[in-house]
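**Q**
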Amino acid sequence: MQPHIQSAIERVAQRLLGKEQHIKLAISCLLANGHLLIEDLPGMGKTTLSNALANVLGLDFSRIQFTSDLLPADMLGLNIFDSQTQTFRFHPGPIFSQVVLADEINRASPKTQSALLEAMEEKQVSLDGHTHTLPSPFFVIGTQNPLHQSGTYPLPESQLDRFLMRIQIGYPDWKAEKQMLLDPQGELAPLAAVMTLDELIDLQRQVNQVHASDAILDYVLRLVTYSRESDQFPNPLSPRASKALLQASRSWALIAGRDHVLPEDVQAILPAVAEHRLRNSLSEFSETTSLSDKLLAAVDPLAA
Amino acid sequence: MINALQQRLNQHWQARIGRWLDRRIPPARSHQLDHRNIFIFPSRLGGLFLLLCFGLFLLGTNYQNNLMLMLCYFLLALMLVTLFSSYQNFARLQVHLGKTQDCFAGDVAHIAVWLNQPQGDSLPALGIISMRQQPDGEECAVTLTPSSSHGTLSIDAPHRGPLPLKRVTLSCEYPLGLFHCWTHLAFDHDVMVYPRPVPSPVTLHGKPQEGGPNSSTDKAGQDEFHHLREYQRGEPLNHVAWKQVAKGQGMFSKHFVSEQGAPVWLNLMPCTTEQLEQRLGQLCYQIRELTQAQQSFGLDLGKHQITPDCGLDHQRRCLRALAEFQL
Amino acid sequence: MIGAPANTQDQLSQLLLSAAFVMISIGLFEPIMGWILVLMACAVVIRAAYALGVQSQTVSMTTVNLLALLAGLVLAYFSVQLGLLVAMVNLLAMACALKLMLMRRRKDFRQLIVSALFLLGCGFIFHQSMAMSGYFSLCLGVILLAMMARHGPQLTLPQLTGGLGRLLLQALPIAVLAFMVMPRLGPFWQMPTAKSTETGLADRMKPGDIAQLSQSSALAFRASFTDNIPPPNQRYWRALVMEQFDGQEWQIAPRRKWEEEQLRLQNKAFVPAPQGPGAAYQVIAEPSYQHYLFSLDVSVVSDPGVRKRVWPGTAYQLRSRDPVASKMQYDLVYYPQTPLNQTNYSLDRQLNLQVPRQGNPRTREWVAKLQQQSTSARMLIDNIQRYFQQQGFEYTLRPALMPNDPVDRFLFDNQAGFCAHYASALAFALRLADIPARVVAGYQGGEVRGDDYVSIYQYDAHAWVEAWLDDQGWVRLDPTAWVAPSRILYGLERAVAEEGTFLADDPLSLARLKDYAWLNQVRLLLADMDFLWSQWVLGFDANRQRDLFKSLLGKLTAFNLSLVGVVSVLLVTILLAVYFIPKRAPRRPLWQKRYHQALALLEPVWPRPRHYGPDDYVRHVNQTAPADIAGPFNQLTQLYMYLAYQRPSAASQRDTDTRMNRAYLRLKRALGQHRPPASAR
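Protein chains in written order, with the UniProt record's numbering: chain A, 1 to 304; chain B, 1 to 327; chain C, 1 to 681.
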């Protein structure tokens, strides 16, 4: 395994106890150059995770709390008239940051949501005819509260797939929570970065070089095709989804220290990558059987 | 008189064929095409082709021209080979019904039919498959691709209830168009046609079949969206109805209520048969409205009751109950 | 019907069909009239422009209808001089061209395909050479490709060609079998034949005519012999016997024609009684669009099948019932020792003493003188022969023109000429001397190829004389041989070598380039191939079919024949089965096969959840299976995962197969040992 990644995971794990799998998913999402959606109840450590991630990777971090009265300009920035130079000067908003935590994204009005999603997709902000490039790497962690949806604007399905992965952190286990209670100071101290920006970009480049053999491509295609043909899935996986699956698998394989993808890598990331794409909408969040598990169980990775 | 007789004979014949087909190709969700369900016969081109071969044979014999005879035999041999090859090509396919979506009466139901090919076969099935619902459905041509491809059947759904899906004819003439390979497949499916929504105000009831409209006592609260009111300064910002603001309809705030009494019920009030369809349409509309507002509700259809819940699954359950009501 | 509009989905097929029409039109260049070719070219250009999207509108219906009316009128005007067959072919081509302009619906496409195939079939009436057959096969391929392109729009051209090639290869053996086994029937009714320029000898002969013919290196016919090929000086191929002389030219006597017609109407054939041993041979005549056939003296038609087509004449010559419009094959037996004295002498004498009243006075004078010197007919002939040899007569392909009294001019002034001059002069002289004599036109010699066959070309055309000698009947006299013996022994080329006139008008003829050894080899090879083609493909008739069965089966009993039927049906069935028995999935590499075999062995005992990948499963097996099973499976999995998911280097791939095999065998052995406890689980 890459030493940088290993130590990054360890450090973040000190903050978010007992959630190593989720941390790995989050990091692989970042390495695959995708955005992350965390769907959880408040107080589960969403902010902790994003903050810690930004810290260990040596990226600057900002947080936007989404509310229904948040306007796009509050997030993107404004052109402010400078009376001295008699010109408009661009005043960047909080989105101009390498790691952006968009908290409670479904509370914002659709207008603001789509401004964010557009920025995520294009990695730039257009304002009054001027284009402002967002910093690189640009990594959005959106959070959504699945319950208490009164007065919210759930993200439309078509826009959910702008997020490479969706994870749910969930409650910590007994041991981890106890550890947390024992060491209340742990959360406060800032984490030291484990890699430079160049090293991070190099890692992102390495993800693209991870070998995905024919057998793997076939497996991914079988998965995707199955979701299209079977009637168990309200929303079949799109070609964008199959690309996302492959990219995330590559990045997962890199974290595992391999230069090639195994079917197990695909299986590891599939719930995070595919679940929110397969679902009809948030309202079925409470449904117990996971669609991605259904999908995984139905497709044999060794089918000849 | 003769016409009527002909018509009756025709009907009788159709019925017999239908029964025979039902025995031979029973309905299923998925069909593997094989000798049991494929029919093959020379196409029109094939008929002309045979005629041509006969002509060449006559000409060749009369002129004692061996090359012409050879051409004739070659074309016949080719036709024989094509018979097998077109059957084989067609028999590679696996046909199954894809996702089906319920629709509303008066809409057109779109039903995806998937044509799959077993992976790893050296020769994939090729050509164009034309699909048509018997007897006079719209035709849909699918150009096969090596892995899987699909075509969509468009079927008019004029009445509520389960959608009647007649046999679907699939045919193919690959490779040379000399033979027409076809099959009549019946599919197991569960497409339900909901009543056509009739816009109407949402009328909620307390307990099932009790009291009049809006009989439950409301108290301002946080749980359920109730209505919009003009925004007044001091009200919390996250209650502003931004959708309306964005539409330029002015500033409104949403008002929520907490239910104290029983959950909210929609019910089918006693009505005459003429009013029934209208009433079902109204209920259909209301169910959709309530689901969109993410509000929980129950449906009371007299004998059949669905307990209050919310979400798309619940909506589907309710709409299906409406669709099947008294059918 | 498939409803997709024709203009989107099958541009390729339209282009291919247009190409096929272009190719067929080129192949039928001769019978099809020029303006129809132009019409076809227009149609193809319109269709191509439409298919390539240069033009978006097809020709309107009215335009085409008007054009059709016009074209039909013009064709009707020409049809009288074209003859029925060619007119029909032209009509079909014209209709195709118009339809091609208008092709819109599926029906149009169907009709065009079938018409194209029919036109192609008609092409074989006009051309049967190997090269043209190959060309027409190519056309057929393009037509079929157009059909396939229409029904498989997802295929590229190379894929289409591959798929079609497979079908054609599958159909070919069945077609060949059918060709060999299907019974050959006689013609059902008389068919119109193509009016075409007659080639070869004409039925009237002026002295210069044969010299003209000698400029052609075209094949006249071929003959193959079962026994030895007779030497060149016995290979006199009789074709026409001319008994009427008007002082200038010789022709077939009308009386003889009439007589033969009478015999034919009574269905009485003149069959000479053979004497001495006979030798069988076969002739494959090239199309000449005339009636005469070629035979050695004295040939008898032995085969009843052949007798229907070949009619023996009363001058020992053979005639075909119909003009020879395509290659014609017939079997004969010739008896070289049979005397030619079996015909009606009085008629022969009456016909063959006829001389014109006037003309050629010097010859008359000269013959009278000779007659006085000679006591017998034989002596007179010797005297004439001596005259030719002593006066220094020359054999030339460029004789001077002799418009008046040609015999006089030839005998006394020019003293140089071609075989026709000699034959004409000799026959005239003999008639003057009261010896019945006639000119026989035919071919002499020919090119011997191996032990099999002789090719006779147009330049082998020859004319000689037959004289009636009382004790022997008709005796062949060849005055050319007296003057130029090399013509008879070595052929025309040698005879005129000094003059350099051999095929002087045909500079590109391969026959002229005999001096270049390799070119000659090529020419002879082509001739061989053409002979085999004529004999086995074009000439595969009922006789040959019977011979083939005889050689295969020995005797033709009912049992044997039904055996042939059963065997051919069986053969076709086997062929079809070979093509279409469901093929197994393409061969997987050995490592994949071994791994999946191992899975098949293990899964019944240690079930694998459907979603378990190789890594998960091997872990599962490791935990639950005994070490001697887990060990080899571990190794198999490692190798499999290396080959399936990594980038295996070529070097490392080499020994994986053996390692895979070894691990698989160990696993199998271990499983065998554990069988009882394993099944007890």
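All C-beta atoms, glycine included, are put in the ideal place defined by N, C-alpha and C. In this text, all values refer to a predicted model and were calculated from it rather than measured experimentally.
1) Is the Cβ of S283 (chain A) closer than 8 Å to any Cβ of chain B?
2) Assuming H62 (chain B) contacts P589 (chain C) (C-beta within less than 8 Å), just tell me the rounded distance between them.
3) Exposed or buried, which one is K303 (chain B) when buried takes at least 16 other CB atoms within 10 Å?
4) Locate the beta strand (DSSP E) running through T183 (chain B), then write down its first and last residues.
5) Along chain A, which residues have their Cβ under 7 Å away from the Cβ of G298 (chain B)?
6) Who are the neighbours of N66 (chain B) on chain C, taking C-beta pairs under 7 Å?
7) What in chain B is Cβ-close to S133 (chain C), meaning under 7 Å?
8) Look at the Cβ atom of M40 (chain C), then the Cβ atom of S25 (chain C), and state whether they are nearer than 8 Å.
9) Could you tell me which of C:L85, C:D303, C:G392 sits nearest to T480 (chain C), measuring between CA atoms?
10) Let me make sure I understand the geometry here. Which of B:C284, B:L280, B:P118 has the alpha-carbon closest to that of T272 (chain B)?
11) Span of the beta strand (DSSP E) holding H132 (chain A)?
12) Measuring alpha carbon to alpha carbon, tell me which of B:R92, B:D156, B:A186, B:A323 ends up nearest P27 (chain B).
13) Would a check of beta-carbon distances place E229 (chain A) closer than 8 Å to chain B?
14) Between the C-alpha atoms of Y459 (chain C) and R255 (chain C), what's the straight-line distance to the nearest angstrom?
15) Along the chain, which unbroken stretches of the alpha helix (DSSP H) at least 4 residues long are found entirely within the segment 91 to 151 of chain C?
16) Can you tell which of C:C96, C:L98, C:I36, C:T375 has its C-alpha closest to the C-alpha of F78 (chain C)?
17) Taking the alpha carbon of G613 (chain C) as the point to measure from, which residue in C:A644, C:R105, C:K308, C:D628 has its own alpha carbon closest?
18) For a quick check, are the C-beta atoms of V191 (chain B) and I111 (chain B) less than 8 Å apart?
19) Are the segment 36 to 56 of chain A and the segment 121 to 137 of chain A touching by the rule of at least three beta carbon pairs closer than 8 Å?
20) So, residue 687 (chain C) versus V496 (chain C), is the Cβ gap smaller than 8 Å?
21) By Cβ distance, which residues of its chain are closer than 8 Å to L71 (chain B), with the 5 residues on each side in sequence left out?
22) Provide the residue span of the beta strand (DSSP E) that contains N116 (chain B), from first to last.
23) Confirm, please, whether the CB-CB distance from L340 (chain C) to residue 762 (chain C) is below 8 Å.
24) The alpha helix (DSSP H) that contains L31 (chain A), what's its start and end?
25) Please state the DSSP three-state secondary structure of residue 330 (chain B).
26) Please check if any C-beta of chain A sits within less than 8 Å of the C-beta of residue 698 (chain C).
27) How far does the beta strand (DSSP E) with Y330 (chain C) in it reach, from first residue to last?
28) For F49 (chain B), would you say it is in contact with chain C, using Cβ-to-Cβ distances shorter than 8 Å as the test?
29) Check each candidate in C:A253, C:F109, C:V176 and name the one with the smallest Cα separation from F74 (chain B).
30) From the DSSP output, in three-state form, read off R162 (chain A) for me.
31) Classify F81 (chain A): buried if its beta carbon has 16 or more other beta carbons within 10 angstroms, exposed otherwise.
32) Taking Cβ-Cβ distances shorter than 8 Å, what residues in chain A pair up with M660 (chain C)?
33) Chain C beta carbons: is any one of them nearer than 8 Å to that of Q275 (chain B)?
34) Can you tell me the Cβ-Cβ gap for L351 (chain C) and A253 (chain C), rounded? I've got them flagged as a contact below 8 Å.
35) I'd like to know whether the C-beta atoms of N66 (chain B) and Y174 (chain B) end up nearer to each other than 8 Å.
36) What is the rounded straight-line gap between the Cα of C419 (chain C) and the Cα of D528 (chain C)?
**A** The short version:
1) The pLDDT assigned to S283 (chain A) is 43, lower than 50, so where the model puts this residue is not dependable; a value taken from the coordinates is nonetheless given after this. S283 (chain A) counts as touching chain B.
2) Note that residue 62 (chain B) is Asn in the sequence shown, not His. With 8 Å as the limit, N62 (chain B) and P589 (chain C) do not qualify as a contact, their Cβ atoms being about 58 Å apart.
3) exposed
4) 179 to 185
5) Within 7 Å Cβ-Cβ: nothing; G298 (chain B) doesn't reach chain A, min ~17 Å.
6) V537, L538, F540
7) L67
8) yes
9) C:G392
10) B:L280
11) 130 to 133
12) B:A186
13) yes
14) 30 Å
15) 106 to 126, 130 to 151
16) C:I36
17) C:A644
18) yes
19) no
20) Nothing about residue 687 (chain C) can be reported from this structure: the residues present for chain C run from 1 to 681 only.
21) L56, G60
22) 108 to 116
23) Residue 762 (chain C) is absent from the structure shown; chain C starts at 1 and stops at 681.
24) 20 to 31
25) A query on residue 330 (chain B) cannot be resolved here, the shown segment of chain B reaching from 1 to 327 and no further.
26) Here chain C comprises residues numbered 1 to 681, so residue 698 (chain C) is not present and cannot be evaluated.
27) 328 to 334
28) yes
29) C:V176
30) coil
31) exposed
32) Here the premise fails: no neighbours, minimum Cβ distance about 16 Å.
33) no
34) 5 Å
35) no
36) 29 Å
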